[in-house]
Amino acid sequence: MRKIFGKFLAAGLCIAMALSSVTVKADSVDQKYLALGADLTASQKKKVLELLNLDDNSDYKVITVTNKDEHEYLDSYLSKSVIGTRALSSVTVEQKDDGNGVNVTTQNISYCTSGMYRNALITAGIKNADVKVAGPFKISGTAALVGVMKAYEEMTGKKISEKSKDAATDELITTGEVAENIGSDDAEKLIADVKQKVAEDNLSSPSEIKQAIEESANDLNISLSDADKEKIQNLMDKISDLDLNVSQLKEQAKDLYDKLNNSGILEKIAAFFRSVVKWIGNLFGN
């Protein structure tokens with residue numbers, strides 16, 4: 065009888081422990097995160113919380129992002145003077161249900177757009193999350209990516225690989241630099257389109273990636289400088305090594321990829337009619 069009771073007790077303990085671990089995991093994912101720049105003054109922190117619509121942050125687990133964290137990921141892409149000596153960017157990250165995608169809103173961010181953040185975060189492997197980014201005054205916002213990745217790792221309990229972090233950081237900076245010449249909207253669409261081609265067709269050689277860049281630029285009617293082509297080429301070399309899931313790319317930024325798909329179809333139709341007009345012109349010209 066004791067043996068039978070002991071077996072039932074052991075089984076019950078195992079089940080209880082299993083259920084407990086599931087609950088802990090669920091709680092950690094449901095937990096909302098607030099990543100604050102470590103160098104915010106009291107008044108700056110108050111301003112940031114207002115911009116993030118947080119009258120009370122008790123529902124959030126608060127972590128800090130230091131200037132050292134920022135330099136760790138940004139030193140390879142930006143000068144130390146641009147990164148600065150103070151961590152001021154702050155973000156909230158909230159996990160959402162499947163199908164939500166990645167959504168980003170910004171306040172007091174002058175350089176990085178919501179679309180730039182979203183594309184880079186998806187490259188890092190972040191999915192189904194609502195992200196808000198804010199600065200106490202107008203700041204570039206490049207360092208905010210570090211805060212989002214740090215918060216997401218703590219929230220999910222999953223480490224983002226260093227390769228993914230580096231590629232995501234590179235993508236944010238490169239998109240911003242290209243945007244200075246062609247505009248933010250075109251830069252976001254172009255990088256996303258080339259990234260899709262690289263992932264979908266498993267492109268890895270320099271010639272394949274170069275062709276993908278040319279095709280995307282032509283499809284979107286974008287003129288690129290040689291310098292910008294080289295920056296995108298270097299970025300895509302890294303992205304080709306990540307084995308990105310194409311379906312996940314499209315799911316996490318559905319509106320963007322739907323737009324790209326529609327613009328590609330329209331461009332093909334336009335190209336067809338241009339060729340017909342040219343053929344008719346040549347016919348009557350002869």
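Under our numbering, think of the first position of the sequence shown as 65, with each following residue one higher. Beta carbons: idealized from backbone N, C-alpha and C, even for Gly. Every value quoted in this text rests on a predicted model; they were computed, and no experiment measured them.
Asked, Found
"Rounded separation between A263 and A243 - CA only", "22 angstroms"
"Backbone secondary structure at A102 - three-state DSSP", "coil"
"Extent of the continuous alpha helix (DSSP H) run through A208", "208 to 220"
"Contact check, Y97 vs V126, beta carbons under 9 angstroms", "yes"
"Three-state class that DSSP yields for T130 in the structure shown", "coil"
"Proximity test, Cβ basis, 9 angstroms: D120 and chain C", "Structure shown: chain C not included; a single protein chain is present."
"Cβ shell of N360 (< 7 angstroms), same chain only, five flanking positions each side left out", "For the chain, the structure presents residues 65 to 350; residue 360 sits outside this window and is missing."
"Selected residue, minimal CA-CA separation from L113, among S145, V155, D133, D234", "V155"
"Enclosing alpha helix (DSSP H) for Q95 [first to last residue]", "Counting along the chain, Q95 falls outside any alpha helix (DSSP H), and DSSP gives it neither H nor E."
"Test item: CB-CB of L31 and A256 under 9 angstroms", "Only positions 65 to 350 of the chain appear in the structure, and residue 31 is not among them; the question remains open."
"Cβ pair I224, I190 closer than 9 angstroms", "yes"
"Residues that I246 bridges to, as DSSP identifies them", "In the DSSP output, where bridge partners are listed per residue, I246 has none listed."
"Span of the alpha helix (DSSP H) around D14", "Residue 14 falls outside the range modelled here, since the chain spans only 65 to 350, and no answer is possible."
"Status (buried if at least 16 other CB within 10 Å, exposed otherwise) for G165", "buried"
"Anticipated Cβ contact below 8 angstroms, V195 with V168, distance rounded", "5 angstroms"
"Where G328 falls: helix, strand or coil (DSSP)", "Reliability fails at G328, whose pLDDT of 48 lies under 50, so the model's placement of it is uncertain and no value is given."
"Endpoints, alpha helix (DSSP H) assigned at K202", "Segment 193 to 203 is the beta strand (DSSP E) holding K202; no alpha helix (DSSP H) there."
"Beta-carbon contacts of Y181 that lie in its chain and below 6 angstroms, excluding the five residues immediately before and after", "V168"
"Terminal residues of the beta strand (DSSP E) in which I173 lies", "166 to 173"
"Span separating the alpha-carbon of N172 from that of D305", "34 angstroms"
"Y141 (DSSP reduced to helix, strand or coil)", "coil"
"L116 beta carbon less than 9 angstroms from that of A198", "yes"
"Burial state of D161, where buried means 16 or more other Cβ atoms lie within 10 Å", "exposed"
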